[in-house]
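Numbering (the numbering used here), first residue to last: 12 to 196. For glycine and all other residues, C-beta sits at the position ideal for the given N, C-alpha and C. This report refers to the structure that appears directly beneath it.
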Amino acid sequence: MVKDYFSNLFTSESPIIDDGVLSDVSRRVTPAMNTLLNAPFSREEVQKALFSIGDLKAPGQDGLHAIFYKRFWNMLGDDLVVQVLGAVNSATIPSGWNDTMIVMIPKVENPDKVAQFRPISLCNVVYKVISKMLANRMKGILEEIISDHQSAFVPGRLITNNILLAYECIHTLKKKNGKKGFCAV
Numbered sequence: 012m013v014k015d016y017f018s019n020l021f022t023s024e025s026p027i028i029d030d031g032v033l034s035d036v037s038r039r040v041t042p043a044m045n046t047l048l049n050a051p052f053s054r055e056e057v058q059k060a061l062f063s064i065g066d067l068k069a070p071g072q073d074g075l076h077a078i079f080y081k082r083f084w085n086m087l088g089d090d091l092v093v094q095v096l097g098a099v100n101s102a103t104i105p106s107g108w109n110d111t112m113i114v115m116i117p118k119v120e121n122p123d124k125v126a127q128f129r130p131i132s133l134c135n136v137v138y139k140v141i142s143k144m145l146a147n148r149m150k151g152i153l154e155e156i157i158s159d160h161q162s163a164f165v166p167g168r169l170i171t172n173n174i175l176l177a178y179e180c181i182h183t184l185k186k187k188n189g190k191k192g193f194c195a196v
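The following block contains the structure:
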């Protein structure tokens with residue numbers, strides 16, 4: 012029942028993709044940005060990513076927390092770096108690294124419907140390290156490739172700014188009078 016509910020919720024109803032849609036989107040990633048994004052990863056990037064993960068964040072299927080790797084960095088660090096760099100620099104993640112455990116978090120007290128749960132994926136630490144490395148790499152160019160009009164995912168911008176902007180637009184439309192009227196989309 013749970014699987015069916017979320018499969019239906021997250022499955023597209025229109026699998027046909029119009030290739031013409033992307034032809035109207037201008038390219039934002041420059042060749043210099045692309046070179047930066049595709050550069051080989053380093054030991055320092057692995058260590059920075061690991062140490063930026065919360066110590067006791069929910070563990071994945073391996074049951075290990077990030078604090079385990081941090082506390083035993085002197086013993087495990089070199090092996091972890093070799094394995095992670097091998098995976099990211101070859102663009103091949105070994106089997107099992109991205110296995111996740113799905114956990115259902117209740118949104119309300121005493122839930123009685125599947126819709127009252129929020130699924131979260133618990134990933135292994137090595138997978139989190141790789142994800143963090145990729146995110147850190149992209150952080151440097153996000154401000155240049157994300158539109159000034161988008162209010163999320165850029166430091167200093169809040170998604171709630173969109174709500175305020177929409178409110179102000181509607182408020183302005185209400186003040187205007189005329190025979191033709193106005194429309195907000």
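Segment contact: the segment 48 to 60 against the segment 89 to 96, three or more CB-CB distances shorter than 8 Å; contact assigned. Secondary structure note for V114: it is in no alpha helix (DSSP H), and the uninterrupted beta strand (DSSP E) holding it is T111 to P117. In this structure, P130 sits away from N100, with a CB-CB distance that is not shorter than 8 Å. Contact annotation, K81 with L67: C-beta distance approximately 11 Å; criterion of less than 8 Å not satisfied. By the criterion of at least three beta-carbon pairs nearer than 8 Å, the segment 117 to 134 is not in contact with the segment 154 to 167.
Counting along the chain, I157 sits inside no beta strand (DSSP E), nor does DSSP assign it H or E at all. Beta-bridge analysis with DSSP links P130 to M115. Taking the Cβ atoms as the reference, L153 lies roughly 29 Å from P70, outside the contact range of under 8 Å.
Inclusion of I104 and I141 in the CB contact set at 8 Å is warranted, their separation being smaller than that value. Per DSSP, reduced to three states, the secondary structure at H76 is coil, with no helix or strand assignment. Annotated three-state conformation of T171 is helix, per DSSP.
Just so you know, the alpha carbons of N135 and S37 end up roughly 36 Å apart. D89: member of the alpha helix (DSSP H) spanning W84 to S101, first to last residue.
Inclusion of V125 and M12 in the CB contact set at 8 Å is warranted, their separation being smaller than that value. In the structure shown, the three-state DSSP call for N147 is helix. In chain order, A77 place their CB closer than 7 Å to the CB of G65, counting only its own chain and leaving out the 5 sequence neighbours on each side. Here A43 carries a helix assignment [DSSP, helix/strand/coil]. Measuring C-alpha to C-alpha distances from T183 to each of F21, A195 and V32 identifies A195 as the nearest. The Cβ atoms of N172 and S158 do not sit closer than 8 Å to each other.
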